[in-house]
Amino acid sequence: MLLVVDQTNRAREHAVLRSMFEARKRVFIDLLKWDVPVLAGRFELDQFDDAYATYLLVAGRDNAHRASARLLMTTRPSLLGSLYPALVDGEMPEGDDILEITRFCLSPDIGAAMRREARDALLIGLVDFALSNGISAYVGVAELGWFRKIQTFGWDCRMLGAPQGAGEGALVALRIDIDAQTLGRLAAAGIRSVAAPAAAAA
Numbered sequence: 019m020l021l022v023v024d025q026t027n028r029a030r031e032h033a034v035l036r037s038m039f040e041a042r043k044r045v046f047i048d049l050l051k052w053d054v055p056v057l058a059g060r061f062e063l064d065q066f067d068d069a070y071a072t073y074l075l076v077a078g079r080d081n082a083h084r085a086s087a088r089l090l091m092t093t094r095p096s097l098l099g100s101l102y103p104a105l106v107d108g109e110m111p112e113g114d115d116i117l118e119i120t121r122f123c124l125s126p127d128i129g130a131a132m133r134r135e136a137r138d139a140l141l142i143g144l145v146d147f148a149l150s151n152g153i154s155a156y157v158g159v160a161e162l163g164w165f166r167k168i169q170t171f172g173w174d175c176r177m178l179g180a181p182q183g184a185g186e187g188a189l190v191a192l193r194i195d196i197d198a199q200t201l202g203r204l205a206a207a208g209i210r211s212v213a214a215p216a217a218a219a220a
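Counted the way the working numbering counts, the sequence shown spans residues 19 to 220.
Written out as structure tokens, the structure reads:
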């Protein structure tokens, strides 16, 4: 199931949020070796996990985390605007209709097939959320290797400036434009809901 957690329901969804913060610690700190804060040795949180953050989460029936992303308002302090503005050539994209995607996380505890299903559900959820809330674009920061993967999902994704750093680990700012055709583009690239039937072979 896909959950949207924000300041209106955050207290009620404590269990699934705790599972998400634990998964983020295992992925970003234990596996990827990011130098970011750890709470109680178990949870990865930073200064942007505040009351204004919105979380999209794919969870199992037991509220266990499978996939998640954090959305930040670009009209408030955000990762790109506050920490990595030099990655953007020209004007910083911001506005009520632009959100920042951060902490895209897939659980390390599930198999490859379930990870793919969870990833696709999260991608579709991000597009549905944007279309339902008047969001025209997402922005974010990614390593170059991950950016190239994001581009393969089928949506309109581009760099906002030249990569900074070396190799596939170089950092880039990105923008993903969302419109009524985005879900169709994702489906054409093979991103579809588990409930959606695969297209028949020609």
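Built from N, CA and C at the ideal position, the CB exists for glycine as well.
Keep in mind it's a predicted model, so treat the numbers as computed, not measured.
If we ignore side chains and look at the alpha-carbon of each, how far apart do Arg133 and Ala77 end up?
Their Cα atoms are separated by approximately 11 Å.
To the nearest angstrom, how far is it from the Cα of Val190 to the Cα of Pro55?
Rounded to whole angstroms, Val190 to Pro55 spans 22 Å at the Cα level.
Would you check if the region 56 to 75 and the region 102 to 110 touch, i.e. whether three or more CB-CB distances between them fall below 8 Å?
With the cut-off at 8 Å, the region 102 to 110 and the region 56 to 75 do not touch.
For Thr200, does the three-state DSSP call read helix, strand or coil?
Helix.
Please name the residue or residues paired with Gln182 in a DSSP beta bridge.
In the DSSP secondary-structure assignment, Gln182 is bridged to Leu189.
Beta-carbon proximity of Ala139 to Leu20, cut-off 7 Å
The Cβ atoms of Ala139 and Leu20 lie closer than 7 Å to each other.
First through last residue of the alpha helix (DSSP H) which encompasses Ile142
Where Ile142 is concerned, the enclosing alpha helix (DSSP H) stretches over 130 to 150.
By DSSP, does Arg30 sit in helix, in strand, or in coil?
Note: Arg30 maps to coil in three-state DSSP.
State the DSSP-derived secondary structure class of Arg176, mapped to helix, strand or coil.
Strand at Arg176.
Just to confirm my understanding: we take Ile168, look at its own chain, exclude 5 residues before and 5 after, and list those with CB closer than 8 Å. What are they?
Apart from the 5 residues on each side of it in sequence, Ile168 sits with its Cβ closer than 8 Å to the Cβ of Ala160, Cys175, Leu192, Ile194 in its chain, given in chain order.
Between the C-alpha atoms of Thr17 and Gly113, what's the straight-line distance to the nearest angstrom?
Residue 17 cannot be examined here, being either before or after the span of the chain that is shown, 19 to 220.
Using DSSP with H/G/I as helix, E/B as strand and the rest coil, what is Ala207?
In the structure shown, Ala207 falls within a coil segment according to DSSP collapsed to helix, strand and coil.
Between which two residues does the alpha helix (DSSP H) harbouring Phe165 extend?
Note, Phe165: alpha helix (DSSP H), 162 to 169.
Candidates His83, Phe61, Leu57, Ala58: closest to Val22 by CA position:
Minimum Cα distance to Val22 is reached at His83.
Just to confirm, are Met38 and Ser96 a CB contact at a threshold of 7 Å?
In this structure, the beta-carbon distance from Met38 to Ser96 does not fall below 7 Å.
Once the 5 residues before and after Gln234 are set aside, which same chain residues still bring their CB inside 6 Å of it?
Residue 234 is absent from the structure shown; the chain starts at 19 and stops at 220.
With C-beta atoms as the reference, is Cys123 less than 7 Å away from Arg42?
Contact: yes.
Helix, strand or coil: which one does DSSP assign to Met91?
DSSP, read as helix, strand or coil, puts Met91 in strand.
On the DSSP bridge assignment, give the partners of Glu62 in chain order.
In the DSSP output, where bridge partners are listed per residue, Glu62 has Val56.
Which residues in the same chain have their Cβ closer than 7 Å to the Cβ of Gly152, if we skip the five residues on either side of it in sequence?
Same-chain partners within the cutoff: Asp115.
In its own chain, which residues sit with a C-beta less than 6 Å from the C-beta of Leu117, not counting the 5 before and 5 after it?
For Leu117, the CB contacts under 6 Å within the same chain, skipping 5 residues up- and downstream, are Leu89, Ile153, Tyr156 in chain order.
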